[in-house]
């Protein structure tokens, strides 16, 4: 890495330090939210790190900012760095290491300007060592002078190239000593008879990608290959620097060495070269202006900022956005919360280098640019600029106890991004050996009263470099056990002081007696609300406490634990040992706050990591050549009503999708994964991206996409604790992959069997009793059981009881249905029919009908009231409109939810107003889709009839997928259309539909109203 840091600066940094001046701590913020914590650390003379945490009441999450407050001084100097060339990118941390290898102490460093992601070039200005490396592009910038003071604004650098052109040809002129004569611009004089004329060229940019118009300047700094980078024909004027250094406000003299008509090969650049370049499409006037420059001519390059205040700038970096102007937030800033980096200047000239993390729920959600602007105004800035943000946002510092810089923020991409340039504050790394003070810090500044926290103290010399010095610790309250402060049970603010050798320093620990919230956590530090354990197993639980949304450091002995139920024991440290099947409750208490979890002791179950049924997934994040979304098209769902959809394009390389928001962790005792994959048989390879702890992301091939349709994939022998970081596809072409039901497993267990449910009606007591068991998961928890009539489920034993009201005379038939869903998505179901208690029929024409009870059921439930003449007409063919209305009423869909649904049917005038809510709802749910007419329009066809296959498919779409699929033994099974086969298989398996006595199903026969009545009864 070259030209990162000027050696001449070492003399300046070696000057003696004055006493370090402290900086005022950050204030509470209306821009960011309620202030939770504020921690200030003096890094060097008049250079302070502030880490502040806020609570956003709107987002119910944290915002975490890290900022450096710097007052220009002789000990700490700002510089701008970049790699060996402008197109090179390097992380802030790696650049800091390079500076340290050159012998400098990195006080702090942040990422710099936005850059072109295609070529790595910064969009704005770059100045280092007083030399312009890249022009400003019309953007904002921050420039630093040699004394550390700064200027913020638009450099608006005008570049001009002047030379004197002779009017005619002639021989060179010489003086009496035989030496050649030159004019005032350094151009050779000749004996030509024409008049000399001054020519001026106006280059468009320095070290920017050449376009098809204008003249561009290039130097050795442009790219790593040290060429102009041009691959299209053009004209290049190759010059050598004779005098000057491309300084702002100055002139540089260039001697023309040669003029080249280039084709596709870029022109090489040496360390002293400057090339004037134009694309062949720039126009003859531009091209001839370059061609006409005589070889040997000396050109005068002037770099003139609009504001002379930029003339003495030694370092500068560009900035895309102006955030604060004259003390007011700029208008029209982009919206959206994200990680941000900014720099602001106060009225007194001091600077604020600002970062806020984002896109990391539970740590920091980020901020809009307007919020950052208002925050910088709160911090006293009158001018501020927005630097590159998002995944580029980085802040590294060298803490007083360290000798090397470390990144202190949390990048949104998990790993630190390489960026185009960086801004650093650097100082001397030479120790003085003279004690200045002690830097004292607590491992945890906020603790639950009675807990301990480790205290660290380090002696710091007058150059802010750690040194050896003995010290003694004292505390204003509590007990010190070596370097550990045990806070008093009564709490309070405890000051811990280190003293020795004439120096001192202190820190404050806040001991909280009354937390706002207490929770139970597992070994992965995740909050749990229930616990399932197998007999004989031990589970270590942990208590946690929070105060004003701030997690408190809490020793486990500060909590008290209690267990209800004869299912095992729990000790004073939260170790629960399961000993007997059953249920109970564990309660943890701290202060006046308690939290309880329900405990079920049964055999170990599998664990659902993702079923895609929610509004977000474990794969929420971003990708390259891939996109991930939730799919609710039932044609591509294996379980439930949704699946994950991964779209990829491999035409330019492998595709990856990174889960960055809330990736799943494979916890103990799980050692494998089961998942379902549906692809187009492309032959490509689907892989899992994962990491172990904070290690780099690794790739694990899952399956070859060699079939069309769903297949189950299993991977085993995984390391417990791995984090699922995303998905990757390798191969060729483009395509779509659907994923469903990702399950954590152990011992290679694959569960494809639905839970077994037994139920029995006792007509004497009018109670239903039964049990639910699952071959893989054992006893299922209550949240995985549903009983249509209420009832009581006992998760300790898996048994349930439903107490029914005593039937009244005339009461029609009813049914109680019990459903259970295991962790692999398999759904078991059983129903108990409660017979009718006599009475008259609801319809005048069903007394002798075989399905009269089912027709009565529709009437009793408000599903169908029949016709106005009191008939039901059970043998009449069911119309599409009657089907829609009956199904809508049976499902009890909310009309308000679908009120704004626009119907595409061309025959809407045939639909009575009262039926529109039903049609809207079923259309929105994908149950009814209409048919296309010969005119290309879509029709609902309300008076049309439905075949049994069509009705089965539409009814089946209302159910979650996951029920067992029956083998179809009907003699005409081959006649069942493909679109209906799945739904008929699953509903036959549930007993919802059946065939005829002769063994046929008759899929193409039209369904009757009476048949529909039975289907709706058995469906519920």
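Numbering (my numbering), first residue to last: 314 to 1333.
For glycine and all other residues, C-beta sits at the position ideal for the given N, C-alpha and C.
- The straight-line gap separating the alpha-carbon atoms of residue 1324 and residue 1187 is approximately 8 Å.
- Assignment of residue 931 by DSSP, reduced to helix, strand and coil, places it in the coil class.
- Taking a cut-off of 8 Å for Cβ pairs, the region 1141-1158 and the region 1218-1230 do not touch, as fewer than three such pairs fall below it.
- Between the alpha carbons of residue 961 and residue 427 lies a gap of roughly 28 Å.
- The shortest CA-to-CA distance from residue 965 to any of 721, 1044, 581, 797 is the one to 1044.
- Apart from sequence neighbours up to five positions away, the residues of its chain that approach residue 808 with a beta-carbon distance below 6 Å are 789, 819, 821, ordered along the chain.
- The C-beta distance from residue 958 to residue 1049 rounds to 6 Å, short enough to meet the 8 Å contact threshold.
- Taking all protein chains in view, the Cβ of residue 660 is surrounded by fewer than 16 other Cβ atoms within 10 Å, so the residue is classified as exposed.
- If you look at residue 1169, you'll find it in the alpha helix (DSSP H) that goes 1165-1173.
- Every unbroken stretch of the beta strand (DSSP E) spanning 3 or more residues and falling wholly within the region 874-922 is given here in chain order: 881-883, 888-891, 895-903, 906-914.
- For residue 581, same chain residues with a beta-carbon under 7 Å away, outside a window of 5 residues either side, are 539, 540 in chain order.
- Nearest to residue 871 by C-alpha distance, out of 760, 862, 521, is 760.
- In this structure, the straight-line span from the alpha carbon of residue 1135 to that of residue 393 is close to 58 Å.
- Taking a C-beta distance under 7 Å as the contact criterion, residue 1150 and residue 1118 do not qualify as a contact pair.
- Taken in chain order, the complete beta strand (DSSP E) segments of 3 residues or longer contained in the region 1104-1167 are 1105-1107, 1112-1116, 1127-1134, 1140-1147.
- Burial state of residue 1311 is exposed, judged by a 10 Å Cβ sphere holding fewer than 16 other Cβ atoms.
- Between the region 691-700 and the region 414-422 there are fewer than three C-beta pairs closer than 8 Å, too few to call the two in contact.
- Under DSSP, residue 391 takes part in a beta bridge, and its partners are 738.
- Note on geometry: alpha-carbon atoms of residue 489 and residue 573 lie some 36 Å from one another.
- Ranked by Cα distance from residue 963, the first of 977, 946, 939 is 939.
- When rounded, the separation of the alpha-carbon atoms in residue 570 and residue 525 is 24 Å.
- With a beta-carbon spacing of about 6 Å, residue 616 and residue 445 fall inside the 8 Å limit used to define contacts.
- Taking the Cβ atoms as the reference, residue 1068 lies roughly 6 Å from residue 1093, within the contact range of under 8 Å.
- Taking residue 405 as the centre and dropping the five residues before and after it, the same chain places the C-beta of 422, 423, 424, 707, 708, 709, 720, 729, 732, 735 closer than 8 Å to its C-beta, in chain order.
- Nearest neighbour of residue 1145 by Cα position, chosen from 1138, 1153, 1132, turns out to be 1132.
- By the CB criterion at 7 Å, residue 1054 and residue 952 fall inside the cutoff.
- Here DSSP, grouped into helix, strand and coil, assigns residue 1228 to helix.
- Just measuring C-alpha positions, the residue of 442, 1105, 1194 sitting nearest residue 1258 is 1194.
- Two segments are said to touch when three or more pairs of C-beta atoms, one from each, lie closer than 8 Å; by this definition the region 905-924 touches the region 885-896.
- In this structure, residue 591 keeps its C-beta atom at 7 Å or more from the C-beta atom of residue 551.
- Approximately 6 Å separates the beta-carbon atoms of residue 782 and residue 813; this is inside 8 Å, confirming the contact.
- Counting of Cβ neighbours within 10 angstroms places residue 1292 among the exposed residues, the total staying below 16.
- Nearest Cα to residue 828 within the set 1328, 555, 762: 762.
- Between the C-alpha atoms of residue 1321 and residue 1192 there is a straight-line separation of about 9 Å.
- The Cβ atoms of residue 949 and residue 1140 lie no closer than 7 Å to each other.
- By alpha-carbon distance to residue 1211, the top candidate from 1198, 1233, 1300, 1297 is 1233.
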